[in-house]
Amino acid sequence: MIIDPKTINTKDLHQFLLAIVAPRPIAFVSSMDAKGNVNLAPFSFFNCFSSNPPIVVFSANRRVADNTTKDTLANVIETGECVINAVSYAIVRQMALCSVDYPNGVNEFEKSGLTPIASTIVKPPRVKECLAQLECKVTQIIPLGEDGGAGNLVICEVVQIHVDESIIDERNRIDPDKIDLMGRMGRLYYARASGDAVYTIHQPVQPIPIGFDMLPEHFIKSKILTANDLGALASVEKMPEAEELIAFAKEENIKAILDAEDYNEKLQHHAHQLLIEDNKLEAFMTMMLATVQ
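Counting from 123, one number per residue, gives the positions in the sequence shown under the numbering used here.
Next comes the structure, spelled out in structure tokens:
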């Protein structure tokens, strides 16, 4: 299927893009106009782009239906300040209420049942129920077009960070299970970034790994190993030495597999299991003992 952005209608193009570029973090933006009227709205065109200086960017797009823009954009143009609040699973339905196009002047804090609390540097309030908040000064707004669907990049410098101590782990880092963030996908779909959805990939950049092209041919021919298994095997730092392999083959559990009639298949399954346990070196040596036709 080939899609030409110049010929497909904007509404459909929008949904294809959102389904491909996903999941996206959600910027739950609280802002205020010059008269002190507050607004609260979610934006999923959002990310962090720099740590020094600390820069986050969200895009307030023109509505496809009528080419209008949200109050948030008018507010940040007028005052140059906002707060980006993190969206956890516990408040995702309340956040969704704030995506409704209420009439100008309606207070989304009241409509969603969320609680405004004072910021320390900027004027717009934070959302009390959010476990992390970024107070921001808007440094630049870049319009990307004039038609419906066009974005307006709101570039923000983070001037203060608030983090609830309940989500901090013993290493003084944010625990993904405790902050329990939500991500936006296409259409009605969301993603929850906690529990079994979160896992680690240890891929050091030094020393240089051997790479996929150095894998023995029978590794790649395996019908049991997955592409991710092969990627993990390709990330080892060096090929095992002959002495290591000989010693490994003498281990009781490996000897038991080698003595089996279907040892080739068993070795591959054992390597797959070792990779699930993130034991790449033993998995590599296990596969070195196998032959795949």
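The beta-carbon is built from N, C-alpha and C at its ideal position, and this holds for glycine as well.
Does residue i pass the burial test, meaning 16 or more other C-beta atoms within 10 Å, or should it be called exposed?
| i | result |
| --- | --- |
| Asn274 | buried |
| Gln395 | exposed |
| Leu256 | buried |
| Arg184 | buried |
| Met217 | buried |
| Leu266 | exposed |
| His453 | This structure cannot settle anything about residue 453, because the visible part of the chain is limited to 123 through 415. |
| Ser344 | buried |
| Asn174 | exposed |
| Glu374 | exposed |
Using only the alpha-carbon positions, how far apart do residue i and residue j sit?
| i | j | result |
| --- | --- | --- |
| Ser210 | Gly305 | 9 Å |
| Val186 | Asn131 | 10 Å |
| Val178 | Asp188 | 28 Å |
| Ala349 | Lys250 | 44 Å |
| Phe138 | Cys220 | 24 Å |
| Ala369 | Arg293 | 37 Å |
| Cys252 | Leu355 | 40 Å |
| Leu310 | Arg146 | 13 Å |
| Ala182 | Met410 | 54 Å |
| Ile296 | Thr322 | 15 Å |
Assuming residue i is part of the alpha helix (DSSP H), what are its boundary residues?
| i | result |
| --- | --- |
| Gln395 | 385-398 |
| Ser234 | 230-234 |
| Leu352 | 349-355 |
| Glu374 | 374-380 |
| Lys402 | 402-410 |
| Glu203 | Per DSSP, Glu203 belongs to no alpha helix (DSSP H); it is in the beta strand (DSSP E), 203-207. |
| Arg215 | 214-219 |
So what does DSSP say about residue i, is it helix, strand or coil?
| i | result |
| --- | --- |
| Leu95 | Only positions 123 to 415 of the chain appear in this structure, which leaves residue 95 out of reach. |
| Asn169 | strand |
| Thr242 | coil |
| Ile368 | helix |
| Met123 | coil |
| His340 | helix |
| Val358 | coil |
| Glu268 | coil |
| Pro436 | Residue 436 is absent from the structure shown; the chain starts at 123 and stops at 415. |
| Ile263 | strand |
| Ser316 | coil |
| Ile427 | A query on residue 427 cannot be resolved here, the shown segment of the chain reaching from 123 to 415 and no further. |
Between residue i and residue j, is the Cβ-Cβ spacing less than 8 Å?
| i | j | result |
| --- | --- | --- |
| Cys204 | Ser153 | yes |
| Thr201 | Asp126 | no |
| Asn161 | Asp193 | yes |
| Ala149 | Phe180 | yes |
| Val281 | Val244 | yes |
| Ala196 | Met307 | no |
| Ile206 | Val285 | no |
| Ile330 | Ala254 | no |
| Glu366 | Met407 | yes |
Check for me: the beta strand (DSSP E) holding residue i runs from which residue to which?
| i | result |
| --- | --- |
| Lys133 | First-last for Lys133: 132-142, but that is the alpha helix (DSSP H), not the beta strand (DSSP E). |
| His324 | His324 -> no beta strand (DSSP E), and no H or E assigned at all. |
| Glu279 | 274-285 |
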